[in-house]
Amino acid sequence: MTSQHGVTDAAVIEYFARVLQRGQLDEVTFGDDRFVAVPRADLRLGCLPQEKTDKLFSRKKTKAPIPVVVSLLSLQIGGGKHSGLVLLAASLRPDGTLDPVVETGSSPWIPAERLNSPQVTGREVMLGDQEAFWSAFHGPLSAEVSQVETFGGAVDLADALTKEVTGLAPQEFATRRSTSRTVLEADTCYVMEFERISAARSLLELYDHMQRTGERGLASRLILGAPDKHHERDIHVGDGLLTRALAACGSMSDGFPLTPSQRRAVHGFLTDGDGDVTAVSGPPGTGKTTMLQAVVASTLTRRALDEEPPPLIVGTSTNNQAVTNIIDAFASVTKEEPGPLDHRWLPQAQDGAAGDAPMTSLAVYCPSKAKWNEAARKYLVEDDSRAGVYADHSDEAYLEAARDRFVTKAFEYFGSASDVAGLRTLLHEALCEVDETRRRLLATMATEGPGTRYADLCQRVLTNPLLSGLEHLTELPMCRDLESLDAELDRTLRYVAFWLAVHYYEAYWLEAEFLPENERWKNTRRTMDTYWSQAPALTPCFVMTAYQVPKYFELYAKTGEPRPFDIGRIDLLIVDEAGQVDTPVGLPPFALAKRALVVGDTKQLAPVWSLDDVTDQEVAGSTGVSAEDWDRLLKPRGLTCSQPSSLMAAASNASRWVYGDPVAPQPGLFLAEHFRCHPQIIGLCNELLYDGLLNPRRKEEQSPLHGVAEPFQFREVPGSSDTREGTSRKNVAEAEAITRWIVDNFDALHEVYIDRQEDPNKRPKPEEIIGVVTPFSAQARAVRTALRQAIQSLPAGSHIPSGLAEALTVGTAHRLQGAERPVILFSAVYGQSEGTASFIDGNPELLNVAVSRAKDLLVVFGAERRWNNGPAFSLISQYATRTTLDIGEEPEPPAEPQPLVPTPAPTPTYTVGQPADLPIREKVSEPVTTSTGGSPRMTFATLRAANPAPGPGSTSPPAPGGEAEDRGEALPVSGLLKQWASSGHLLPEDSGLTAAAFNLRLHTAGILAGEPGAWTVTAAGEMVGVTTEPRTRRDGSPYDVILYGLQAQEGLLRLYRTGRL
């Protein structure tokens, strides 16, 4: 099929398959006594000693050659293990002969994790730039690859590659870069059995199936995209809200209803159907898990209402942290104190029988064999031979006890007894009754409002025994419109319906005729039909990495025949953290699914790409994709294998939905309400990357540190100086300053977060209070070293654990992706002599991750020169308070107190639409201890353009302005509110006033027109100095920002003071 953009799905599939076939610049660890060491001089001869060859063949029954990998430059990593830095693939014969495998850009290779790129920060040893790696194959080494004839020639090629990338020969590099802590080896090489494409083998087999049979399933939609686009604000237009509210039939939580944007996302998903890709952009702290749970709850409940087999839902991503985040979202859906309905009625299997504890999870983890034992200690687990949860819970001894337990639990809820078959019928009848009641409530409210008929329905609801005990049921009669009713149904009738559906499928499981033990492992069509119609009744969600997914849907093939796959078997594919998923790795599972829900954020961490764009374009060209089509059609839609592609970008562009500015919308759906961070902290991220679309919903007073510490601080580090450590950087002065801060403040934080917390389940571990984030791994090691030394000399009585330096999360943003901490300390590293913080300025996504990990307090440590200098820190200066105070310390009053804002001169009475002659504010000096940034408000893109990064080795003078800048500049509404707050103008009840809420007031006052996300300035607003300024996003699309000039600022303040705003 040919897309509307002119590139066929077949061509893209072939292109992606070829990229995976090249290998992914794998990182290889030599350990577990599975390798042999060989002197470099002997290795060059291309023949291993027989005893070493025999060791590598010791586990083989065949005498056929085996694939091996050779490390020609290695790093000792402890425990007798070595990390390969320069690697060469080869084939080893039983007589010891090594036959090299030489392919351009594939072998020899340097692991992607050891090559600098925007996504990879400096580890302890980095060899050079990814660009240099690929340039070497395009230039000096291009001819040599085809001329290699011996193993020694292959070693020479690898050495030449090393010199092109590092500037040094391997032995010289090892000598220069080795230290007492970092030991590199080039004279000793290591050989280990290693089949390079084993990780991607199942993906490649699925690619082969798609190419060979033309069966591509949902993968075609991901490539070709939706034919029409619709704005997310249209989801509820007309009867849209009623239609979607009727379709939403289940909820996993009775605590809080969905937020407006979560509801739009769920309703967008319900509008889509089989054959669609629904993409939801979920910035940090916006409730992605809640949204996913709502989708799964409605999917499960709808299938039960229709008396269909349970839905098969597969959750996936490409890294284990993202995968375990999915499993954790569904691993415990039961409240701490559930009633008779809202918990699993089936027991957990234990030692071949039914245990005492009930099941808690709706998901099963399908790990790799290497992670099986570890995973089994925490989760329900399954493998591709069905020997895990399916076998444990279908054993007859288990089933006999489980049926008795189920009947007892059902009696506690219904008050009547029956066998399992009768209970399944009863559960379905109850489910239909609850669902019909929900539908009647919605229809009555939509057509008649909260009148007599609605009140009668509510009275029947309150006396329905199926709904007894629901905490929020009495809220239903209080609803006055469809929106409020839809929200209350989330935590009442939809919640009951979901649990009735869970128990309906538990009865379905207890009635099933299971596969016998000698049949389970088979993958015939009949076996797969039976298994997949039964297994989801117990756990509807199966969670695994993208590399594992094809293995579970392989079908039987005769020896020598290509392996077929069960195309379209998955009812719903969920991909989480899709912004980190490399598109060619994430695409194949789509062929196995009927529809997909893809969640992620392209403005956080990106994939680690193995190709530069030049090489990527060449591979695409080899499959018939022209350079023009690659650059113009595929790259903007995330359908390439190099920067800036990702599965999230591809899915968003394949979705029918768009959000944001209607003139220049962004693809996909968007979660806007942010609950994690203090509003002042997330405000930076909102302006940095999200165009102000985030809606901070957390109140300032909810922070345990409210009134105790400024939520966003900048602490100047005297004597700040950074040094290079390979391609990484460290700053000892900053490491020591961070250590002092931890030592000085830890006891206070311990009291706030642990000692005062009465609920032991909510007390964090001591090491979970603080996280330290830095752009460079060398700095992380410096911080850990300084903290370790400081803890050793602590006096008795401190709350700081002796092992805190090891237990604390200290590292780059990647270490805390998907996590959060009450307090985050950020080390900028760049010292006073550095003109710019180029890596931080050039990677706003990493700064976004670092900042958005902090719930209550973010402290940025940096040189004095960092303040208000360069794109990132100019923006930081708008949100951070410059301070030297510790937690709980009060600032000393200045000798001659000065008002933060001079008293304005008398001015004529002001009304909206009537310009006033307003005075110009004077420059205001700030106290040294606590100075809030107030330099001119600029977007990140504008600042980057105004402060271009210098070339290597260059420096630039400090930016003008700083602490005495002119406060009379035009401000966006967030800056206006910040200025009013710092000047004491905001009323106490408005301490948590957000820009989004204030925009609504401006709309009421006639200053703004339109709606959230699409505000415009009215004629009255223009007359009083409110303007719009065109800006450009990072992707090149235009948008407008509304600015309030001096005249408008004074006029609005007057309106606010007089209670008219």
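FYI, in full-length UniProt numbering the residues of the sequence shown are 1 to 1061. Here a beta-carbon is modelled for each residue, glycine too, at the ideal position from N, C-alpha and C. What you are looking at is a predicted structure, and each value in this text was computed from that prediction instead of being measured.
- Taking the Cα of L88 as reference, the smallest distance to any Cα among V183, V191 and V295 is reached at V191.
- For C458, the enclosing alpha helix (DSSP H) begins and ends at T452 to L462.
- For secondary structure counted as the alpha helix (DSSP H) over 4 or more consecutive residues, the region 125-158 holds these complete runs in sequence order: 130-138.
- In this structure M291 is buried. Its beta-carbon is surrounded by 16 or more other beta-carbon atoms within 10 angstroms.
- In the three-state reduction of the DSSP assignment, G560 falls in the coil class, being assigned neither a helical nor a strand state.
- L605 is a Cβ neighbour of E845, given a cutoff of 8 Å.
- In this chain, T474 is not harboured by any alpha helix (DSSP H), its DSSP state being neither H nor E.
- Annotation for Y552: no alpha helix (DSSP H) segment contains it, and DSSP assigns it neither H nor E.
- Between Q643 and G888, the alpha-carbon positions lie close to 45 Å from each other.
- The residues A735, I738, V772 and V810, in chain order, have a CB closer than 6 Å to that of V783 in the same chain once the five nearest residues on each side in sequence are set aside.
- Between A349 and the set N653, R176, V860 and V389, the nearest pair of CA atoms involves V389.
- The straight-line gap separating the alpha-carbon atoms of A11 and L206 is approximately 15 Å.
- Under the three-state reduction of DSSP, F411 is assigned to helix.
- Secondary structure within the region 24-88: the alpha helix (DSSP H) runs of 4 or more consecutive residues, fully enclosed, are 40-43 and 50-57 (chain order).
- Partner residues in a beta bridge of K378, as assigned by DSSP, do not exist.
- Fewer than three beta-carbon pairs drawn from the region 379-387 and the region 434-444 are found closer than 8 Å, and the two stretches are therefore not classed as touching.
- Assigned with DSSP and collapsed to three states, E195 falls in coil, not helix or strand.
- Taken atom to atom, the span from the alpha-carbon of K81 to that of E149 is near 31 Å.
- At a Cβ-Cβ threshold of 8 Å, V68 and A90 count as neighbours.
- Excluding the 5 residues flanking it on each side, V155 has same chain C-beta neighbours closer than 6 Å at R44, in chain order.
- DSSP lists T316 as the beta-bridge partner residues of M544.
- Taking all protein chains in view, the Cβ of P516 is surrounded by fewer than 16 other Cβ atoms within 10 Å, so the residue is classified as exposed.
- Rounded to the nearest angstrom, the Cβ distance from S332 to T301 is 19 Å, too far for a contact under 8 Å.
- Secondary structure at T360: coil, using DSSP grouped into helix, strand and coil.
- The three-state reading of DSSP puts F256 in coil, since its state is none of H, G, I, E or B.
- With 16 or more other Cβ atoms inside 10 Å of its own Cβ, D576 counts as buried.
- Within a 10 Å sphere around the beta-carbon of L510 sit 16 or more other beta-carbons, which makes this residue buried.
- In this model, P111 and E103 are separated by some 15 Å (Cα to Cα).
- Annotation: G451 to Q459 spans about 12 Å, alpha carbon to alpha carbon.
- Judged by their CB atoms, S253 and L669 are not nearer to each other than the 8 Å cut-off.
- In the DSSP assignment, I574 falls within the beta strand (DSSP E) that extends over L572 to V575.
- Taken through DSSP and simplified to helix, strand or coil, Q604 comes out as coil.
- The beta carbon of G719 sits closer than 6 Å to those of A733, all from its chain and outside the five residues before and after it, given in chain order.
- Leaving aside the five residues that flank A487 on each side, the residues in its chain whose CB is nearer than 6 Å to its CB run, in chain order, P257.
- Counting only residues of its own chain and dropping the five nearest sequence neighbours on each side, P550 has a CB closer than 8 Å to the CB of S202, L203, E205, L206, F565, P588, P589 and L592.
- Separation of the CB atoms of V295 and A651 is rounded to 15 Å, and the pair is thereby denied contact status at 8 Å.
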